[in-house]
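Trainee: In this note's numbering, the protein residues as written are 79 to 594. C-beta: ideal position from N, C-alpha, C; glycine also. Keep in mind the model is a prediction, meaning the values are calculated, not measured. Have a look at this one.
Pasting the structure below:
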């Protein structure tokens, strides 16, 4: 089956323009998505004091959490949280909400009970940057880009009708740059299409749900929040009554949660109206290896079970949305599956880059416009600069003093400033390719040094920490260094003028789905 010339032209234009306009956002989501998968596993790396087994029993940790909750009742926080020690984070963490709604954590030594200030949030920050959440409006950009990605996958596959099998195994590394980028883009697009589609659909629906839900409540539900609560299976906790009282009994609440959901792991207490007679505690639970991963229990201050939610919830809405969440955030995945996800994410990011380079090569023959010049510089600074920013934040995590006030803020600043300078400096270099090479080499050097700096700081040999978390991080950083060095080498080789003109045929077909 072949498309008519007119249909092909329409699909090609839609695919090419949509891909180019969304490419930079999609590159960020997939490149940083590889880090987001391991946000929890990065905790021991980002905080050396976490590189130890849990030092207290669960009963002692709950006792300490009870003391912390009781001490907090005098402040009457609207919302407050405590997390118990885990293998990744063997300390307790407190979650306080500031008057502006921001939530800031601090840590508590489970042995001494001493409260410490903020510590690095490297993994959580990279996870948030995966959605561009720290950038105003960034979350909406990634949501829109997810919807565009569905269009790209569909149009790309349609453009490959009748030639997919042939071009799936076609790669001509000695051809002209236009041929190389076309082959790479098509092959990566077709191979990663199922992976891309899962994240495009789930990411788009989850974003649309957050954005569209208030409008549905105001219109279809006539503003009735109780109806919304029944639909989403998420009731609001009881309102405060204004009479002082102590904290809920956490040991009793934890026992109730374990009895109701014995297969779930419970390590968090989230309080509503702590210090009020109507105060409650919410205990979320998580089961590994399933799309329906989350359970919930809410217990009154008096010890009464107010609400329990099975995995998947009890409504059609929750039974649809929960597995979509599980698919997008890989709650079902074991560590090897996460590694595979990360590899696919990096390959997809390269596929996006190949799409942009293919666009630029095609347009070069016709004479580049100002838009093409800007796209080349943005692709160089945005994509290669992102790798440098990741290297910068890993180095900042190593070198910033542990007790530095608002340490997460300074790490975030290093990341955003490095990325911003990389994008701005692209406009000062006449050659986007040369600029990209320099950024990639810089990122490679920084990421290569990070395990060496950590080993020197902690008095050990690299790759010999004895911790599986640290070893996985070091191997991952080393693998990324090889990828970035290889990318810089490929760019250098492709920028050399060919000795003889390429005789490889250049077909007019559009690329496969822009891998993102």
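Taking just the CA atoms, how far does residue 92 sit from residue 176?
Mentor: 46 Å
Trainee: For residue 370, tell me which candidate among 358, 265, 342 and 546 has the shortest Cα-Cα distance.
Mentor: 342
Trainee: In angstroms, rounded to a whole number, what distance separates the CA positions of residue 525 and residue 469?
Mentor: 5 Å
Trainee: Can you tell me whether residue 409 is helix, strand or coil according to DSSP?
Mentor: coil
Trainee: Enumerate, from N- to C-terminal direction, the unbroken alpha helix (DSSP H) stretches of 4 or more residues contained entirely within the segment 317–351.
Mentor: 328–338
Trainee: When you compare each of 358, 356 and 345 to residue 365 by their alpha carbons, which one comes out closest?
Mentor: 345
Trainee: For the candidate residues 562, 101 and 96, whose alpha-carbon lies nearest to that of residue 431?
Mentor: 101
Trainee: Would you grab the beta carbon distance between residue 426 and residue 273 for me? Rounded to a whole angstrom, and I think it's under 8 Å.
Mentor: 7 Å
Trainee: For the segment 356–397, which segments carrying the beta strand (DSSP E) assignment without a break, of at least 3 residues, lie completely within its bounds, in sequence order?
Mentor: 358–364, 372–378 and 383–387
Trainee: List the endpoints of the continuous beta strand (DSSP E) containing residue 486.
Mentor: Not the beta strand (DSSP E): residue 486 falls in the alpha helix (DSSP H), residues 485–503.
Trainee: Cα separation between residue 481 and residue 416?
Mentor: 32 Å
Trainee: Find out if the Cβ-Cβ distance for the pair residue 185, residue 349 is shorter than 8 Å.
Mentor: no
Trainee: Going by DSSP, what residue range makes up the alpha helix (DSSP H) through residue 83?
Mentor: 83–114
Trainee: For residue 330, is the classification buried or exposed, using 16 other Cβ atoms within 10 angstroms of its Cβ as the cut-off for buried?
Mentor: exposed
Trainee: Between the Cα of residue 173 and those of 254, 499, 160 and 165, spot the shortest distance and give me the residue it belongs to.
Mentor: 160
Trainee: Work out the CA separation of residue 212 and residue 523 for me, nearest whole Å.
Mentor: 26 Å
Trainee: Quick check: what's the CA-CA separation for residue 560 versus residue 399?
Mentor: If you take the alpha carbons of residue 560 and residue 399, they lie about 38 Å apart.
Trainee: Residue ranges of each beta strand (DSSP E) run of no fewer than 3 residues wholly in the segment 129–178, ordered along the chain?
Mentor: 157–161 and 170–175
Trainee: Would you check if the distance between the CB atom of residue 566 and the CB atom of residue 505 is smaller than 8 Å?
Mentor: Going by beta carbons, residue 566 and residue 505 fall outside the 8 Å limit.
Trainee: In its own chain, which residues sit with a C-beta less than 8 Å from the C-beta of residue 134, not counting the 5 before and 5 after it?
Mentor: 142, 163, 188 and 189
Trainee: Check the C-beta distance from residue 149 over to residue 170 and give it rounded, since I have them as a contact under 8 Å.
Mentor: About 13 Å; that fails the 8 Å criterion.
Trainee: Counting C-beta neighbours from all protein chains within 10 Å, is the total for residue 379 16 or more, i.e. buried, or is it exposed?
Mentor: buried
Trainee: When you compare each of 207, 446 and 423 to residue 277 by their alpha carbons, which one comes out closest?
Mentor: 423
Trainee: For the beta strand (DSSP E) holding residue 182, just list the boundary residues, first then last.
Mentor: 181–186
Trainee: Determine contact between the segment 108–116 and the segment 201–210, defined as no fewer than three beta-carbon pairs at a distance below 8 Å.
Mentor: yes
Trainee: Report back the beta-carbon spacing between residue 325 and residue 354 to the nearest angstrom; my notes put them in contact at under 8 Å.
Mentor: Actually they are not in contact, since the Cβ atoms of residue 325 and residue 354 sit about 10 Å apart, beyond 8 Å.
Trainee: Within 10 angstroms of the Cβ of residue 387, are there 16 or more other Cβ atoms? Answer buried if so, exposed if not.
Mentor: buried
Trainee: Tell me the rounded alpha-carbon separation between residue 363 and residue 269.
Mentor: 36 Å
Trainee: Identify whether residue 476 lies in helix, strand or coil by the three-state DSSP scheme.
Mentor: helix
Trainee: Given this structure, state the Cα-to-Cα distance separating residue 434 from residue 402, to the nearest angstrom.
Mentor: 30 Å
Trainee: When you compare only the Cα positions, how much space is there between residue 392 and residue 308?
Mentor: 9 Å
Trainee: Using the Cα positions of residue 473 and residue 193, report the straight-line distance between them to the nearest angstrom.
Mentor: 26 Å
Trainee: Relative to the alpha-carbon of residue 181, which residue among 484, 498, 533 and 95 has its alpha-carbon at the smallest distance?
Mentor: 484
Trainee: In the DSSP output, what is residue 446 paired with across the bridge?
Mentor: None; residue 446 has no bridge partner.
Trainee: For residue 83, count the other beta carbons within 10 Å of its own beta carbon; 16 or more makes it buried, fewer makes it exposed. Which is it?
Mentor: By the C-beta density criterion, residue 83 is exposed, having fewer than 16 other C-beta atoms within 10 angstroms.
Trainee: Indicate the three-state DSSP secondary structure (helix, strand or coil) for residue 532 in the structure shown.
Mentor: helix
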